[in-house]
Structures are given as structure tokens and as C-alpha cells.
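Contents: one structure, followed by commentary.
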Amino acid sequence: MKKTHLAFLISALVLCCTFAKAQDVVVVANSGVKAGEVSSDDVRDVFTGAKSSLKDGSRVTPVTLKNGAGHDAFLKRYVGKSDSAFRAGWRSLVFTGQAAMPKTFDSESALVEYVASTPGAIGYVSKDTDHEKVKTLAVK
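Mind the numbering: the sequence shown is residues 2 to 141 in our numbering, read in order.
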């Protein structure tokens, strides 16, 4: 009985650590973006299509991951929507001619490469992903 409890506790601890690690996301931008920090409201507004520039005047274009733990953690932490609600909001903007869907990527490395080479691009990746080619924005 004690072995079963111990195995359960170890499994739960591993799952908690994995979940916590998945929630460590960073907001990244092309090096041409002037801002070094942004508010969480700015992040939400840019990624929901409500704004296309930051408070410092930098015009930005959001790019996203198609799915995954980092994508879900970003949406939960900064946008406050599920993936389906997030995409529905963008489809509504596209349908009414107010915006174009954000470019999406299958991998974090592809997103980083795109952001590094595209002026004004802003996205997000897991903290552990190599993102030296792009600027990390502190979210306040």
C-alpha cells in the first residue's frame, strides 16, 4: 500500500513540474520593436486584434503557435480565452474585414525564426526555447 501511495505522489509531482514548466512562456518580438516592456493589457489587446501598436508607438503583428502546452499557457495567462474562443474572435474580425488571421506556426523554433526576420512581428515561446535571435519583452 505504501509503495502505491509513493508511486502516486511521485507521478503527481512529475506532472505538476511538467505543467509548471509549460506555463513559463515569454513574449518575443523582432529586434526592431522599440519597447523593452509591455503591459499584460497590451499583450492581450495585440493578440486579440484590439490594437496593432504598443504604447510606445511600435506597430506590431502577432504570430501564434498552432497548439501545444506553450500556446495554451499563453492564452490562459495573457489572453484569458480558450483556443477555440481565441480563434473564434479572430474569425469574427476577419469576417468583418477588420483584421487578418495571425500567422501560425507548428513549432516554436519556426516562430522564432519568423519573428527574427519580420519587422514588427511579436509572438511567444516557452522560456526554455532558444530565443536569442529575438528580443524578449518583459510583461508588467
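Using N, Cα and C, we set each Cβ at its ideal position, and we do this for glycine too.
Predicted model, so just to flag it, every value in this text is computed and none were measured.
Alpha carbon to alpha carbon, how far is residue i from residue j?
i    : j    : result
T105 : L66  : 5 Å
S53  : D73  : 22 Å
Q99  : R88  : 14 Å
I123 : K77  : 18 Å
E109 : K134 : 13 Å
G81  : F48  : 11 Å
A117 : K136 : 8 Å
N31  : V126 : 13 Å
P103 : V95  : 10 Å
V27  : K128 : 6 Å
S40  : G50  : 15 Å
V113 : K141 : 22 Å
D84  : A111 : 20 Å
D25  : T97  : 34 Å
Sort the options by Cα distance to residue i and report the nearest one.
i    : options              : result
D46  : V26, W91, A70, G33   : W91
V61  : L94, T119, A86       : T119
K35  : D107, D57, L94       : D57
G71  : L138, K141, T130     : T130
N68  : G121, S93, S59, D107 : D107
A101 : P63, S59, V29        : P63
Exposed or buried, what is residue i when buried is set at 16 or more other beta-carbons lying within 10 Å of its beta-carbon?
i   : result
G37 : exposed
D43 : buried
Complete runs of the beta strand (DSSP E) confined to the stretch 17-74 [at least 3 residues]: 26-30, 62-66
Alpha helix (DSSP H) runs contained entirely in the stretch 93-120, provided each spans 4 or more residues: 109-118
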